[in-house]
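Q: Here it is: the structure, laid out below.
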Amino acid sequence: MPTENRMENIVALAKRRGFVFQSSEIYGGLNGFWDYGPLGVELKRNVRQAWWADMITEHDEISTPAGAPCSFDMVGVETSIIMHPQVWKVSGHYDLFADKLVDCRETKARFRADHLTCYSVVVPSTTGEAPTRIGYVAAVGTTDDFAEQLGKSFLKRMQTAFARDKAEVQIGDQQPFLALPVPERATVWNPEAKAVGTLTDPRDFNLMFETFTGALQSDENKAFLRPETAQGMFVNFKNVCDSSRVKLPFGVAQIGKSFRNEITPRNFTFRSREFEQMEMEFFCHPSQSLQWYQYWRDRRYNWYMQLGIAKENLILREHAQEELAHYSVGTADLEYAFPFLEAGQYGELEGVAHRGDFDLRSHSEGKLCKENGQLVVEKGPDGKAKYQGSGKDLSYFDDQTRERFVPHVIEPAAGCDRATLAFLCEAYHEDQAPDDKGEMQTRLVLKLHPKLAPVKVAVFPLIKKDGMPEKAAAIYREFKQAGIAVAYDQQAAIGRRYRRMDEIGTPFCVTVDGDTLTADTVTVRDRDTLKQDRVSVKELVDHVRSRLRG
Ligand code: GAP
Numbered sequence: 047m048p049t050e051n052r053m054e055n056i057v058a059l060a061k062r063r064g065f066v067f068q069s070s071e072i073y074g075g076l077n078g079f080w081d082y083g084p085l086g087v088e089l090k091r092n093v094r095q096a097w098w099a100d101m102i103t104e105h106d107e108i109s110t111p112a113g114a115p116c117s118f119d120m121v122g123v124e125t126s127i128i129m130h131p132q133v134w135k136v137s138g139h140y141d142l143f144a145d146k147l148v149d150c151r152e153t154k155a156r157f158r159a160d161h162l163t164c165y166s167v168v169v170p171s172t173t174g175e176a177p178t179r180i181g182y183v184a185a186v187g188t189t190d191d192f193a194e195q196l197g198k199s200f201l202k203r204m205q206t207a208f209a210r211d212k213a214e215v216q217i218g219d220q221q222p223f224l225a226l227p228v229p230e231r232a233t234v235w236n237p238e239a240k241a242v243g244t245l246t247d248p249r250d251f252n253l254m255f256e257t258f259t260g261a262l263q264s265d266e267n268k269a270f271l272r273p274e275t276a277q278g279m280f281v282n283f284k285n286v287c288d289s290s291r292v293k294l295p296f297g298v299a300q301i302g303k304s305f306r307n308e309i310t311p312r313n314f315t316f317r318s319r320e321f322e323q324m325e326m327e328f329f330c331h332p333s334q335s336l337q338w339y340q341y342w343r344d345r346r347y348n349w350y351m352q353l354g355i356a357k358e359n360l361i362l363r364e365h366a367q368e369e370l371a372h373y374s375v376g377t378a379d380l381e382y383a384f385p386f387l388e389a390g391q392y393g394e395l396e397g398v399a400h401r402g403d404f405d406l407r408s409h410s411e412g413k414l415c416k417e418n419g420q421l422v423v424e425k426g427p428d429g430k431a432k433y434q435g436s437g438k439d440l441s442y443f444d445d446q447t448r449e450r451f452v453p454h455v456i457e458p459a460a461g462c463d464r465a466t467l468a469f470l471c472e473a474y475h476e477d478q479a480p481d482d483k484g485e486m487q488t489r490l491v492l493k494l495h496p497k498l499a500p501v502k503v504a505v506f507p508l509i510k511k512d513g514m515p516e517k518a519a520a521i522y523r524e525f526k527q528a529g530i531a532v533a534y535d536q537q538a539a540i541g542r543r544y545r546r547m548d549e550i551g552t553p554f555c556v557t558v559d560g561d562t563l564t565a566d567t568v569t570v571r572d573r574d575t576l577k578q579d580r581v582s583v584k585e586l587v588d589h590v591r592s593r594l595r596g
């Protein structure tokens, strides 16, 4: 199936079966905001739960996990969305959390500058000399997308605008927009606009949403919706150490909403303005930080694969030096081959960052910056710290070694919505399966990992008489009492009911038939293999539970 259809089909299924709706849809929607429907909320809750179980509830703090330098503690927190504004000044978000924005004065379109590429508009030479460049054309996307846009009518408009008969776009000579020399910006063409030179110079656009606390909308009351959950862990470092008696190394995990006023929200829930993060700050001794960085990178990579992401669709990409965030000593992204991307391209699922001691020192001493490769307190014009820290001692005292130091931090920062989207995309399959008459039909099936499936088992009476609905209802209630997410369906032919469950990823369907009433057995149909086993009703719940565990 072509990639673009695949994504369209996934979005259509998500809406049709109640996974994801556009926010405020009856009013035309709000760009960058999404609502999860009855099945979506369960799927996302299962993703969240799988992460929390891996990090906290199932974590064994007395043995050393494979690949780790030693055993470690893990605890959770839930911190507020609106924090003291100084947090964001000291963290660097107030000054640095910005994207470069370019506006088109004519079409009012808005672009992220790093999404634009400029191509030269040239007049080819008839004498074999190099072509003369007469301007630039800015386009969103890749060279291939742009070549597609280059229809005849566009070339004609461009030739008229540049008043040249033979103008062409030189795809081979592309340059990033920001690298353009200033005088040549005036001739930059937006293919969507009629006039030339309608694009503005790139300007900084801070992604933090602003709000006010209290009744007065004054500067003193200005606050921000958090753009990441991480700062909640840093500012509570001392509270956690003092209250839970954790010993280094240890991790503090949190799941919660974050907000970014993205310039161009796009690709379904992938880039939203309100989204959920699953972040963990792992505090360790500086001498062990590189080992822990590698440990968490590998462990997070494996987490996605254990939950069903195929190896060929997942990559671990180490950032180049110039890509690193202001605080980061090293970062690796876990990236997934989302179907809205070109073949061979990947979108970020999670960043695993080595943040060094930037955050704890900044919140203690004042915002740090890099000078000659060293992190030093950034000075304002008066020579004092540009942004004051809390002044609190955020170092750690190791009572075994009698050493005091500021811990280093390794941060696996995942997006819950992106992970949910990746699991949904990975699960989406169209295959062939027999219908009620035994004829092969195309079947739409979500091959979700049983841990993630919103409904784990469905119970059907084969027909709506002979005591079958009563028996099926009793089985349904047994699953409910066992805490296994169960659905009951007695409408339509059995094949249709199987299809409805396949489409939402239900791993098992239990059918009550004539034999149930005489032999007290049911059939258990497997979503992926389509194989049906006869199982005694007495053993049914345990049977399904053990197959769900895998
Ligand atoms: N504390 C570090 C941090 O926030 P990040 O790479 O900016 O790092 C972490 O964000 C994860 O949050 C990303 O890998 C992504 O999964 C998710 N995320 C970031 N921006 C997002 C957006 N606009 N929409 C959906 N998810 C987003």
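In the working numbering, the protein residues as written are 47 to 596. Quick reminder that beta carbons are idealized off the backbone N, C-alpha and C, glycines included.
1) Please indicate yes or no: does the CB of F255 lie closer than 7 Å to some heavy atom of ligand 1?
2) Does DSSP classify K601 as helix, strand or coil?
3) Roughly how many angstroms lie between the CA atoms of V583 and P480, to the nearest whole one?
4) Go through the stretch 326-380 residue by residue and report every complete run of the beta strand (DSSP E) that reaches 3 residues or more, in order.
5) Using the three-state DSSP reduction, which class does G560 fall into: helix, strand or coil?
6) Can you tell me where the alpha helix (DSSP H) with Y544 in it begins and where it stops?
7) Examine ligand 1 and report whether any of its heavy atoms sits within less than 7 Å of the Cβ of L395.
8) Indicate, with yes or no, if ligand 1 has a heavy atom lying under 7 Å from the CB of F316.
9) Rank A276, A431, D535 by C-alpha distance to the C-alpha of V501 and give the top, closest one.
10) Closer than 7 Å to a non-hydrogen atom of ligand 1 - does that hold for the CB of D403?
11) Distance, Cα to Cα, L85 vs R203?
12) Could you tell me if H400 is buried or exposed, where buried requires 16 or more neighbouring beta carbons within 10 angstroms of its beta carbon?
13) Tell me, to the nearest whole angstrom, how far the beta carbon of W98 is from that of I301; I am working on the premise that it is less than 8 Å.
14) Answer with buried or exposed for F258, where buried requires no fewer than 16 other C-beta atoms within 10 angstroms of its C-beta.
15) Given a cut-off of 8 Å on the beta-carbon distance, is the pair F316 and L147 in contact?
16) Indicate the three-state DSSP secondary structure (helix, strand or coil) for R179 in the structure shown.
17) List the DSSP bridge partners of N252.
18) How is Q220 classed by DSSP in three states: helix, strand or coil?
19) Report buried or exposed for R542, applying the criterion of at least 16 other Cβ atoms within 10 angstroms of its Cβ.
20) By alpha-carbon positions, which one of C330, L508, R363, V503 ends up nearest to R523?
21) Let's test the definition: count the other Cβ atoms within 10 Å of the Cβ of Q478 and tell me whether it reaches 16, buried, or not, exposed.
22) Just the Cα atoms here: how many angstroms apart are S264 and Q132?
23) Sorry if obvious, but does the Cβ on A459 come closer than 7 Å to a heavy atom of ligand 1?
24) Whose CA, out of S408, F305, G181, R546, lies closest to the CA of S436?
25) Our contact map puts V183 next to W235 with C-beta atoms below 8 Å; I'd like the distance itself, whole angstroms only.
26) So what does W235 bridge to, in DSSP terms?
27) Between the Cα of R62 and those of R489, E549, P385, L467, spot the shortest distance and give me the residue it belongs to.
28) Using a 10 Å radius around the Cβ and a threshold of 16 neighbouring Cβ atoms, would you call E472 buried or exposed?
29) Can you tell me which of the three DSSP states M47 falls into?
30) Counting along the chain, where does the alpha helix (DSSP H) carrying M514 start and finish?
31) At a threshold of 7 Å, does R464 count as lining ligand 1 (C-beta to nearest heavy atom)?
32) D574 and F554: beta carbons closer than 8 Å?
33) Where does V228 sit, in a helix, a strand or coil, going by DSSP?
34) Sort M547, A539, D405 by Cα distance to A533 and report the nearest one.
35) Beta-carbon separation of N313 and L253 under 8 Å?
36) For the beta strand (DSSP E) that L421 lies in, which residues bound it at each end?
A: Let me lay it out:
1) No, since every heavy atom of ligand 1 falls outside the 7 Å radius drawn around the Cβ of F255.
2) Outside the displayed span of the chain (47 to 596) sits residue 601, for which this structure offers no information.
3) Straight-line measurement puts the Cα of P480 at about 26 Å from the Cα of V583.
4) The qualifying runs are 360-364.
5) When DSSP states are grouped into helix, strand and coil, G560 belongs to the helix group.
6) In the DSSP assignment, Y544 falls within the unbroken alpha helix (DSSP H) covering 540-549.
7) Placement of the Cβ of L395 at a distance of less than 7 Å from at least one heavy atom of ligand 1 is found.
8) Yes, ligand 1 has a heavy atom inside 7 Å of this Cβ.
9) Just measuring C-alpha positions, the residue of A276, A431, D535 sitting nearest V501 is D535.
10) Taking non-hydrogen atoms of ligand 1 into account, the C-beta of D403 is found less than 7 Å away from none of them.
11) So the two alpha carbons sit approximately 49 Å from each other.
12) With 16 or more other Cβ atoms within 10 Å, it is buried.
13) The beta-carbon separation of W98 and I301, rounded to 7 Å, stays under the 8 Å limit for a contact.
14) For F258, the number of other beta carbons within 10 angstroms of its own is below 16, and it is reported as exposed.
15) No, Cβ-Cβ distance for F316 and L147 is not below 8 Å.
16) It is a strand residue.
17) According to DSSP, N252 bridges with A144.
18) Its pLDDT being 45, under 50, Q220 is placed unreliably by the model, and the measurement read from it follows with that caveat. Secondary structure at Q220: strand, using DSSP grouped into helix, strand and coil.
19) R542 should be labelled exposed.
20) Minimum Cα distance to R523 is reached at V503.
21) Counting Cβ neighbours within 10 Å, Q478 comes out exposed, since fewer than 16 surround it.
22) Straight-line measurement puts the Cα of Q132 at about 16 Å from the Cα of S264.
23) Within the cutoff, so yes.
24) It is S408 whose Cα lies nearest to the Cα of S436.
25) So it is a contact: roughly 4 Å between Cβ atoms.
26) DSSP links W235 through a beta bridge to V183, V242.
27) With respect to the C-alpha of R62, the residue from R489, E549, P385, L467 having the closest C-alpha is E549.
28) With a 10 Å radius around the Cβ and a threshold of 16 neighbouring Cβ atoms, E472 comes out buried.
29) Here the model assigns M47 a pLDDT of 47, short of 50, so the residue's position is not dependable and the matter cannot be decided.
30) Per DSSP, M514 is one residue of the alpha helix (DSSP H) stretching across 514-527.
31) Checking the Cβ of R464 against ligand 1 gives yes.
32) No.
33) With a pLDDT of only 44 at V228, under 50, the local geometry of the prediction cannot be trusted, and the value read off the model is given with reservation. Per DSSP, reduced to three states, the secondary structure at V228 is helical.
34) Nearest C-alpha to A533 among M547, A539, D405: M547.
35) For the pair N313 and L253, the CB atoms are not nearer than the 8 Å cut-off.
36) For L421, the enclosing beta strand (DSSP E) begins and ends at 420-423.
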